[in-house]
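Trainee: Before I ask anything, here is the structure I am working with.
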Amino acid sequence: MRTYLSAIVLILILLQVQFGFAQEAIGINPVETPFSSAIHSFQQDRLGEACPIFREWREQFRNKVEMHLGQAEQEVVFKALLCGLRQAEPQAAQDALHFIAGSPLRAFQDRLHAALADYYFRKRQWSACIDHYGKAGIDLFTNQEIATAQFQQGYAHFVLRQFKEARTFFNSVRSLADDVHKADATYYYALLLFKERSWDDALLQFRLVESDRVYGPYVPY
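All you need for my numbering is the position in the sequence shown, starting with 1, plus 53.
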C-alpha cells in the first residue's frame, strides 16, 4: 500500500513540473502549483518555505541513478541540492558532486558548480571556491550572478595572495554601473593599486568609497 501511494505522489509531482515546463515552452503563464510556488519562494530567498518542499519531493527519487532521471525529476533534485548548499547542510557538497557526476544536463552542472563555489566561499575554502567557478559555464547566468562570481573569485585570489588574478576580477566588477559588489571591488582594487605604489590611481579609487558606510573608515588617508 505504501509503495502504491508513493507511486501516486511521484506521478503527481512529475505532472506538476512537466505541465509548468510545457506551458512556459508555448508562452503561456504557468498555473500556480506547489512546485512553481516553491520555485518562486526560492527565487525570493524564502528558503524556509521552498526548501522543505524540494527535499520532500527529492526523497521520491532517492534510489534512482541520476542518469536515469528525466528532466523534470532532475529539476526537483537540483533545487533540493541548491537548498542544501545555500543552507550549508553537512552533506550538501558531497551530494552535489555526486549529482554532477551523474547528471547529463550541462545547465544543472554549471549551476551546481557555481553554487558549490559560493558554498566554499562562505566556508572560507578559497581554493575550492576558485576551482568550482572555473568549472561553471556562465552562458546562462544573469549579469548579477556573473558579477557575484567575479567578486568572489577576486576576493579568494586576494586572500591567497594571488594578486594579479585578484586585480583582474576586481577591475571587472568595479567597472559595472550599479552592482551590489561595486564598492567592495573598488576598495580591494584600490588596495592592490596602493600595494603596487600606483599612488595617484589608488587615491582616485579610494575617493570613490570614502563615503561608503562599510569601507569609508578603512580608507588610508
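Virtual Cβ for every residue (Gly too), placed ideally from N, Cα, C.
Could you tell me if ALA243 is buried or exposed, where buried requires 16 or more neighbouring beta carbons within 10 angstroms of its beta carbon?
Mentor: Classification of ALA243: buried, given that the 10 Å Cβ count is 16 or more.
Trainee: Enumerate in chain order the residues of its own chain whose CB-to-CB distance from ASP237 is below 7 Å, with the five nearest sequence positions on each side excluded.
Mentor: Closer than 7 Å at the Cβ level, and outside the excluded window around ASP237, lie PHE204.
Trainee: Between LEU229, THR195 and LEU245, which lies nearest to ALA219 when the distance is taken from Cα to Cα?
Mentor: Of the candidates LEU229, THR195 and LEU245, the one whose C-alpha sits nearest the C-alpha of ALA219 is LEU245.
Trainee: At least one CB of chain D closer than 9 Å to the CB of LEU246: is that the case?
Mentor: Looking at the structure shown, chain D is missing, and only one protein chain is on hand.
Trainee: If I measure Cβ to Cβ from PHE131 and keep anything under 6 Å in the same chain, skipping five residues before and after, which residues do I get?
Mentor: Cβ within range, chain order: PHE161.
Trainee: Since THR221 is in the alpha helix (DSSP H), which residue starts that stretch and which ends it?
Mentor: Segment 216-227, the alpha helix (DSSP H) holding THR221.
Trainee: Alpha carbon to alpha carbon, what distance is there between ILE92 and ASP98?
Mentor: Their backbone Cα atoms lie some 10 Å apart in a straight line.
Trainee: What residues in its chain sit with their C-beta under 7 Å from that of TRP179, if we drop five residues either side in the sequence?
Mentor: Answer for TRP179: ALA209, VAL212 and LEU213, listed in chain order.
Trainee: Taking 8 Å as the cut-off, is the C-beta of LEU261 nearer than that to any heavy atom in the ligand NAP?
Mentor: The ligand NAP is not part of the structure shown, which contains no ligands of any sort.
Trainee: State the Cα-Cα distance for the pair ALA75 and LEU193, rounded to the nearest angstrom.
Mentor: The pLDDT assigned to ALA75 is 43, lower than 50, so where the model puts this residue is not dependable, and the model offers no usable value.
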